[in-house]
Every structure is written in structure tokens, then in C-alpha cells.
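If you count the sequence shown from 1, position 56 lands on 56 in our numbering, and the numbers rise without skipping.
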Amino acid sequence: MHRIMLAATAAAFLTACTSTPVDPETAKAVPAQRLFSHQAQVQPGARLVVTRDAGYWASGGCMAKVVIDGRKAARMDTGEVATFWVTPGRHFVGIDGDDQGSGLCAMQMGQQLKEITAEVGAGETQRFRITGQNGVDIRPSSI
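So, in C-alpha cells, the structure goes:
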């Protein structure tokens, strides 16, 4: 009986901690007060769409700071999406610890700046996903 209860508890815990991809079309938009840069459309321009997975494991309960070309662009919670406007060319897109967090989130434990590069053309949209699988990371996405 104890083994069954232990297995059920473990299964419930692991399910609650999964990181689940979110469709950008149905994700919650990041509120304007948490968007800091790259919000004005530029001509010719390109879009970077960043979606953050849902689920506790995707965050550890903390916001993620999105960084574009070294500038703070947004603070994202789980299940949210944000669009950023950039000029055509190569850009660095990354995530970092939440500089406005409180408690353990303010300590930015285990979350160092992680960046990838994106080459975007005029009129192009590139999508990225902040995932909690194998640690918090940002990756290109087809979703």
C-alpha cells in the first residue's frame, strides 16, 4: 500500500513539474509594463517572437529576463508570449536571471545569461521558446 501511495505521489509531483510548450496564438501576451525594448516597428523590420513554456519546472517560480542584443527586453512569466521588432541582420537573443525578482528569484540561483544568435531578413519572423527541460534555456522553435 505504501509503495502505491509513494508511486502516485511521485507521479503527481513529476507531472506538476513538467515544462509544456505553449502555442503563441493562445499564449498570454506579456503585459506592457514588463516590456522594455524593441517594441516599435522598424522599416525594414523583422520580428522575434519569444514564447515561454507553461509549468512550474519552466520557471522554478521566477520570471525570466529576455535580453536582445545585450538590452533588457522583457520579464516573462510562464505561458506568455512577446514580440520584438529588430532590423534585418544578426541579433543575440537570450535569457537571464530576473533582476527585479524577490526572495530566491532575486538571488538568480542557477540562471546565468544564455544567448543564441539569429539571422533575420526583412519581413521575416523567427520564433524562440524558453523551456525548462534540462535547465532553463532558450531555443529556436517551429511552434
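Beta carbons: idealized from backbone N, C-alpha and C, even for Gly.
Keep in mind that this is a model prediction, so the values were computed, not measured.
Span separating the alpha-carbon of residue i from that of residue j
i	j	result
A11	V120	Unreliable placement is indicated for A11, whose pLDDT of 43 sits below 50; no coordinate value is reported for it.
P44	G103	42 Å
G132	Y56	9 Å
P140	R129	6 Å
V67	A106	17 Å
L35	T78	15 Å
E124	I116	17 Å
P31	H91	24 Å
I95	M63	10 Å
R47	H38	9 Å
A122	R71	21 Å
A7	A40	Model confidence at A7 stands at a pLDDT of 46, short of 50, so the residue's coordinates are unreliable; what they give is reported in the following sentence. Cα to Cα, A7 sits roughly 51 Å from A40.
DSSP three-state assignment for residue i, whether helix, strand or coil
i	result
L113	coil
Q126	strand
A27	coil
A46	strand
A118	strand
A32	helix
Burial state of residue i (16 or more Cβ within 10 Å)
i	result
T26	exposed
A54	buried
I138	buried
- Task: Kindly provide the ranges of any beta strand (DSSP E) runs that are 3 or more residues long and lie completely inside the segment 64-115, ordered along the chain.
- Result: 64-68, 71-76, 80-86, 89-96
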